[in-house]
Amino acid sequence: NPELRIERTSEGDIVVMAPTGGKTGKRNFRLIGAMAPWVEADGTGLGFDSSTVFSLPNRAKRSPDVSWVRNERWNKLTAAEQEKFPPLCPEFVIELRSPSDSLNALKTKMEEYIANGAQLGWLIDPIERKVHIYQPSLAPEVLNDPDRISGEPLFKGFVLDVRSIWD
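Taking the working numbering, the leading residue of the sequence shown gets 21, the next gets one more, and so forth.
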């Protein structure tokens with residue numbers, strides 16, 4: 021079924037995710053639209069959408085809604101690795117909660133990204149109007165109904181206007 025997104029846990033269990041509805045699709049599009057100009061201007065890495073599956077170091081296969089990988093890490097991959105499921109964890113990941121998503125499952129996924137090398141993760145929850153921020157060696161920080169969130173200091177100059185996601 022081409023509409024389904026499929027991931028695999030580190031234990032080899034298959035996770036099938038329902039296609040997104042209109043509101044979630046609109047929000048994902050806005051996330052990519054907000055990040056793309058920063059990725060192009062910054063020039064130090066590449067952005068990816070939710071159709072990209074990454075093979076994490078723990079063997080899980082994950083597709084964050086939006087992600088970013090430094091050029092030097094991407095360029096170390098072979099052409100075949102770049103073409104298939106890149107064997108790395110992005111430095112920056114964003115997951116957007118949709119009505120069909122379990123918040124606890126998404127929190128676990130965010131912790132998995134951090135454990136596998138992500139330096140920053142944002143779990144954006146438009147249902148509760150919260151943003152959960154994940155970083156290595158820090159407890160998750162929860163922002164209630166923020167207007168903006170910043171990628172500083174890791175991702176200089178990237179600020180997301182979250183108000184466009186809440187709509």
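Glycine residues also receive a C-beta, built at the ideal position from the N, C-alpha and C atoms.
From a predicted model like this one, the values you see are computed outputs, not experimental measurements.
Inter-residue Cα distance where the pair is residue i and residue j
{"i": "Arg117", "j": "Thr64", "result": "28 Å"}
{"i": "Asp69", "j": "Ser83", "result": "8 Å"}
{"i": "Ser157", "j": "Ile134", "result": "9 Å"}
{"i": "Pro110", "j": "Ser87", "result": "6 Å"}
{"i": "Ser122", "j": "Glu148", "result": "12 Å"}
Sheet register partners of residue i (DSSP bridge)
{"i": "Val73", "result": "Answer is none; Val73 lacks a bridge partner."}
{"i": "Lys150", "result": "Asp145 and Asn164"}
{"i": "Phe68", "result": "Ser87"}
Range covered by the beta strand (DSSP E) that runs through residue i
{"i": "Ile144", "result": "Leu140 to Asp145"}
Residue i burial status per 10 Å Cβ neighbour count (16 or more: buried)
{"i": "Phe49", "result": "exposed"}
{"i": "Ala139", "result": "Looking at the sequence provided, one finds Gln at residue 139 rather than Ala. That one is buried."}
{"i": "Thr98", "result": "exposed"}
{"i": "Asp85", "result": "buried"}
{"i": "Trp142", "result": "buried"}
{"i": "Arg47", "result": "buried"}
{"i": "Val182", "result": "buried"}
{"i": "Lys104", "result": "exposed"}
Bounding residues of the alpha helix (DSSP H) (the contiguous stretch that carries residue i)
{"i": "Arg183", "result": "Arg183 to Trp186"}
With a floor of 4 residues, list each alpha helix (DSSP H) that falls wholly inside the segment 85–132, ordered by position along the chain. 91–95 and 99–103
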